[in-house]
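J.: First the structure, then my questions, so here it is.
There are 2 protein chains.
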Amino acid sequence: MILDRGSSVPLHQQVAEYITSHITNGEWVTGSRLPSQRKLADQLHVNRSTVTAAFEELTAQGLIEGKRGGGTRVVNNTWGLMAKRKPADWGAYVEAGQFKPNLPMIRTINEAEFIPDIIRLGTGELSPDLIPSEKLIHLFTKSSFKPRSLGYSEPKGDLQLREQISYYLKKNGINAEPSSILVVSGALQALQLISIGLLDRGSTVLLEKPSYLYSIHVFQSSGMRFCGLPMDSEGFMPDQLSEFKKEVDSAIVYTIPSFHNPTGTVMSLSRRKELLFACEQERMPLIEDDVYRDLWIETPPPPALKSIDHSGNVLYIGSMSKTLSPGLRIGWIVGAKPVIDRLADIKMQSDYGSSSLSQWVAAECLRTEIYEEHSSYVRNRLKIRRDHLLSLLTNYLKDLAEWHKPSGGFYIWLKLIPTIDPRVLFERALQQGILLNPGVLYDRNARQYLRLSYAYASFKEMEQAILVLRNLVLELGW
Amino acid sequence: MILDRGSSVPLHQQVAEYITSHITNGEWVTGSRLPSQRKLADQLHVNRSTVTAAFEELTAQGLIEGKRGGGTRVVNNTWGLMAKRKPADWGAYVEAGQFKPNLPMIRTINEAEFIPDIIRLGTGELSPDLIPSEKLIHLFTKSSFKPRSLGYSEPKGDLQLREQISYYLKKNGINAEPSSILVVSGALQALQLISIGLLDRGSTVLLEKPSYLYSIHVFQSSGMRFCGLPMDSEGFMPDQLSEFKKEVDSAIVYTIPSFHNPTGTVMSLSRRKELLFACEQERMPLIEDDVYRDLWIETPPPPALKSIDHSGNVLYIGSMSKTLSPGLRIGWIVGAKPVIDRLADIKMQSDYGSSSLSQWVAAECLRTEIYEEHSSYVRNRLKIRRDHLLSLLTNYLKDLAEWHKPSGGFYIWLKLIPTIDPRVLFERALQQGILLNPGVLYDRNARQYLRLSYAYASFKEMEQAILVLRNLVLELGW
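Residue numbers (the UniProt record's numbering), protein chains in the order written: chain A, 1 to 478; chain B, 1 to 478.
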């Protein structure tokens, strides 16, 4: 935009419009500093007094604000002005949580994942070469069945898919009718639906500490509090549940019993039974997040809590994202029918169901055993990948870190021996093209930890990243 | 389950367990009435006193509750018990709205849509024969490009899709960079993200009355209030906006300017300009829901508000659900970049993005002009369908109802002349296999109205349904 000196609109107003247009089109975001009056005057070839007049007008409108010595900042645009009156809802929820949210770091990670050539050493995602994209796409040509329609699907999801999930669950010892299964767009949406559909604002989630759940804000955003309980090598320690239960008004348990994210821990069978018993005693519902179940390396994990639950306490979450394809966005919730009915109703009110295409592909994968064959393939590959990362750790970080060998899932929970500010380590690594998942995302006290993943980076990338990590630890540590 | 008379577990406890298992597995839902004690005693071959003892135990546990003269009801299961302490959050939100929610009727509709052979006379969905399912599926074999990966997509959605949407929007006079576009799983998710991401609890949504928005609870569930403003034949009447604005703390406007749902009204260009001006004056953000834009019959609607908005006030929602395929679950939000950034962050926290398969199909449809060709085909079909339904109305309901001829979209807003209880009409029609969308779903005062759709039912079904409707109106009216 160039100023129009022949216009009847006064120049200072044109300058004000110029600034406003940069704010409203999003180039100058709320909180950012405007160029100085002098610089703007030079740039637009006007007197500084013209710019001053424009600034005054915009200040009066509440769009910008001058700070002594701090220059002039964009305070708000119209959407922002509205949110300013009271803090925006979502933000208030996030801030209301018990811990300081690491939202900015997660956002950085979400965006950095798409930087070309970035090495993702902590990503909770299969490497693209482990996703059978071609096989899935060929389903459309090969399969004798075709999606019947690309209309909206039933409230609980496509019946054929739910039947296949029911059959798949049976093989895992879980008896669930299709009417007790809700198809969701991945496990995260399952948590979102549970948090808004079943839980009170102000209720407490008892969970493992550390936990993946700390890195997302779905429960806190719905006004829930977290109470992290310690783990040992067998997982969650349920003996403290009753104690905590007494102190809070209403509580649920959230657990990842098999190949826990981020620690890799597998909950022992006896611990599973204790946990179920404790929940029954306390009449406390339990969410079992079991998305890594099929990714065992040496032996399958103990039975799912859901398969040995006879009280109906367990709400069970599964997904295809970790074994087959996250891009399908297909997961499921299994529970008592009235609970599933309620969640289905909320799902309908949120997005009218998941993609029909994805649901059809998921059903075909289960029906044709692509799912089973591919899980087995992924297990083999993960074994090799895990062993490779472990040998790199032994070679390069033996004296600088400690870790356990995971028996499945994606992750190694690495404890650095030297003390390093996790944010500094994260940023310095990022500068060198390595994307880390610091432990503080999963437990704000886990400042010495990193969640490493052997599922995503290539062998060469892993080695490069571990070398960079070694050098950073040597440079920044102690 | 059969009782084990040889067991050491007392019989009354076995009966209690039998009842509990039916409650927890969901067969006997909260609120439902248990079989009488006598009936259960007969069924299980035990004395009635045994059943009485079991009932007493379960009553003490809070699972069932006897009402004098009303039998015994299931009060709660464990999940329910928890929610009972305080009312469940979601329920509280829905109840907190200004109007009595019609949730049960919507749920009935959602479920009844999947009853075989039901005639859907009000459905907001294209008939399956208007969805180019085969063409979309053939894309996977025909297209020279293939989905690059079925991994997670970028926070704002697949870049190729956003580029195609940007290009498509340009043809509609809307300039939007891909970075100002967020891909969502349909327009409903767009509203969900806006409601939780940008609006305060307690803020007010100014909207047309009637409006589709009254039939979903996405805003009320986030604690927003509705304030419906009257419409005339040119749509929304913005002259009252400033008045309302004064009375409320913070407010936004929601409008469906083109082929309004449910009335079919098209907002005139002058009205669009007035509305934009009023919003600018009041610094009030505006949500433009434009999902029916491409479904004009005689002439295209006036330009989108977004295309003539120079203040950045408008947040624009589009979708492929009404023109191509609802099963894809692909829509978009267009707005100032910081707003889109915020919404993208919340989308990532809700479901990690939309299905990669669906996004790829959507991008290919825009790129190859399948979308454009199909929209044109649908327009032609809708013209014929509309004219057919109009002639049926003239033939069968001329003296019983009033209506306007819509110039696009899916709907005819039918006003019945006789006074009929809408719930009775709905239920009686459903008994005869006809699914209606009563006007009260869109405005609780619109008791005399029905939303008819010419998009879904076949010609034969339309005639059958209109005949049933005629007979019901004659029977129930006056």
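Note that CB positions come from ideal geometry on N, CA and C, so glycine has one too.
1) So which residues of chain A does residue 517 of chain B contact, with C-beta pairs closer than 9 Å?
2) Is DSSP giving methionine 231 of chain A helix, strand or coil here?
3) Which first and last residues belong to the beta strand (DSSP E) in which isoleucine 64 of chain A is found?
4) Just curious, the alpha helix (DSSP H) that arginine 162 of chain B is in, first and last residue?
5) For tyrosine 396 of chain B, collect the residues of the same chain with a Cβ closer than 7 Å to its Cβ; drop the 5 residues on either side in sequence, then sort them by chain order.
6) Quick check on the burial criterion: 16 or more other C-beta atoms within 10 angstroms. Buried or exposed for lysine 405 of chain B?
7) Report yes if the C-beta distance between tyrosine 254 of chain A and aspartate 290 of chain A is below 8 Å; otherwise report no.
8) Starting from the C-beta of lysine 146 of chain A, find all residues in its chain whose C-beta is less than 6 Å away, skip the five residues before and the five after it, and write them out in chain order.
9) Within 8 Å of any Cβ in chain A, is that where the Cβ of isoleucine 131 of chain B sits?
10) When the Cα of alanine 176 of chain B is compared with those of B/Leu382, B/Ser307, B/Asn313, which residue comes out closest?
11) In the DSSP output, what is proline 438 of chain A paired with across the bridge?
12) At what residue ranges does the stretch 232-263 of chain B contain a whole run of the beta strand (DSSP E), taking only runs of 3 or more?
13) What residue ranges within the stretch 334-403 of chain B form continuous alpha helix (DSSP H) runs of no fewer than 4 residues, ordered along the chain?
14) Just to confirm the assignment, what range does the beta strand (DSSP E) spanning glutamate 282 of chain B have?
15) What does the Cβ neighbour count give for phenylalanine 459 of chain B, buried or exposed, with the cut at 16 atoms within 10 Å?
16) Give me the Cβ distance between leucine 182 of chain A and tryptophan 332 of chain A, rounded to the nearest whole Å; I'm assuming they're in contact under 8 Å.
17) Span of the alpha helix (DSSP H) holding glutamate 56 of chain B?
18) Quick check: what's the CA-CA separation for valine 218 of chain A versus asparagine 47 of chain B?
19) Could you work out which residues of chain B lie near phenylalanine 114 of chain A, taking near to mean beta carbons separated by less than 7 Å?
20) With H, G and I counted as helix, E and B as strand and the rest as coil, what does DSSP make of methionine 82 of chain A?
21) Grouping DSSP H, G and I as helix and E and B as strand, with all else coil, what is phenylalanine 114 of chain B?
22) Could you list which residues in chain A have their beta carbon closer than 7 Å to that of valine 361 of chain B, in chain order?
23) If the cut is a Cβ gap below 7 Å, which residues of chain A does glutamate 125 of chain B touch?
24) Residue range of the beta strand (DSSP E) that leucine 206 of chain A falls in?
25) Between residue 479 of chain A and leucine 169 of chain A, what straight-line distance do the alpha-carbon atoms span, to the nearest angstrom?
26) For glutamate 57 of chain B, which residues from the same chain have a beta carbon less than 8 Å from its beta carbon, with the 5 sequence-adjacent residues on both sides left out?
27) Give the DSSP-derived three-state secondary structure of lysine 415 of chain B in the structure shown.
28) Chain B beta carbons: is any one of them nearer than 8 Å to that of valine 205 of chain A?
29) For glutamate 288 of chain A, which of helix, strand or coil comes out of DSSP?
30) Please state whether the Cβ-Cβ distance between serine 325 of chain A and isoleucine 131 of chain A is less than 8 Å.
31) Do you know offhand how far lysine 347 of chain B's Cα is from tyrosine 411 of chain A's?
32) Do methionine 224 of chain B and threonine 263 of chain B have their C-beta atoms within less than 8 Å of each other?
33) Tell me which residues of the stretch 167-179 of chain B have at least one Cβ-Cβ distance to chain A shorter than 7 Å, keeping chain order.
34) Look at the alpha carbon of isoleucine 165 of chain B and the alpha carbon of serine 185 of chain B, and state the distance between them as a whole number of angstroms.
35) Hey, how far is the Cα of tryptophan 296 of chain A from the Cα of serine 143 of chain A?
36) Given this structure, state the Cα-to-Cα distance separating serine 21 of chain A from phenylalanine 259 of chain B, to the nearest angstrom.
T.: Let's see:
1) Absent from the model: residue 517 of chain B. The displayed extent of chain B is 1 to 478, so no value can be given.
2) If DSSP states are grouped into helix, strand and coil, methionine 231 of chain A belongs with the strands.
3) Run containing isoleucine 64 of chain A: 64-67, per the beta strand (DSSP E) assignment.
4) Element bounds for arginine 162 of chain B: 159-171.
5) A distance below 7 Å between beta-carbons, with the five flanking residues on each side excluded, links tyrosine 396 of chain B to the following residues of its chain, in chain order: Ile466, Leu467, Arg470.
6) Exposed, because fewer than 16 other Cβ atoms sit within 10 Å of the Cβ of lysine 405 of chain B.
7) Against a cut-off of 8 Å, the Cβ pair of aspartate 290 of chain A and tyrosine 254 of chain A comes out as no contact.
8) Cβ contact annotation for lysine 146 of chain A (same chain, cutoff 6 Å, sequence separation greater than five): none.
9) Yes - at least one Cβ of chain A is within 8 Å of the one on isoleucine 131 of chain B.
10) When only C-alpha atoms are compared, the closest one is B/Ser307.
11) Assignment of beta-bridge partners to proline 438 of chain A by DSSP yields A/Leu450.
12) The stretch 232-263 of chain B contains these whole beta strand (DSSP E) runs: 251-255.
13) Counting whole runs of 4 or more residues, the stretch 334-403 of chain B contains the alpha helix (DSSP H) stretches 337-351, 356-368, 370-397.
14) Following the DSSP letters along the chain, one finds glutamate 282 of chain B in no beta strand (DSSP E) but inside the alpha helix (DSSP H) bounded by residues 269-282.
15) Phenylalanine 459 of chain B counts as exposed, since fewer than 16 other C-beta atoms from the protein chains shown sit within 10 angstroms of its C-beta.
16) At roughly 6 Å, the Cβ-Cβ gap stays under 8 Å, so leucine 182 of chain A and tryptophan 332 of chain A are in contact.
17) Taken as a continuous stretch (DSSP letters only), the alpha helix (DSSP H) holding glutamate 56 of chain B covers 48-60.
18) Between the alpha carbons of valine 218 of chain A and asparagine 47 of chain B lies a gap of roughly 51 Å.
19) The contacting residues are Glu154.
20) Because the pLDDT at methionine 82 of chain A is just 45, under 50, the model does not fix this residue reliably, and the point stays unresolved.
21) Residue state, collapsed to three classes: coil.
22) Near valine 361 of chain B (Cβ distances below 7 Å), the residues of chain A are Leu357.
23) Neighbours of glutamate 125 of chain B on chain A, chain order: Gly151, Tyr152.
24) Note, leucine 206 of chain A: beta strand (DSSP E), 204-208.
25) Any property of residue 479 of chain A remains undetermined from this structure, which presents chain A solely from 1 to 478.
26) Contacts found: His12, Gln13, Ala16.
27) Strand, per DSSP.
28) By the rule that beta-carbons nearer than 8 Å mark a contact, valine 205 of chain A does not touch chain B.
29) Strand.
30) Isoleucine 131 of chain A sits close to serine 325 of chain A, with the two beta carbons spaced by under 8 Å.
31) About 25 Å.
32) No, the pair does not count as a contact, with Cβ atoms beyond the cut-off.
33) Within the stretch 167-179 of chain B, no residue has a Cβ that lies closer than 7 Å to any Cβ of chain A.
34) Answer to the nearest angstrom: the Cα atoms are 14 Å apart.
35) If I take the Cα positions, the gap works out to 29 Å.
36) If you take the alpha carbons of serine 21 of chain A and phenylalanine 259 of chain B, they lie about 31 Å apart.
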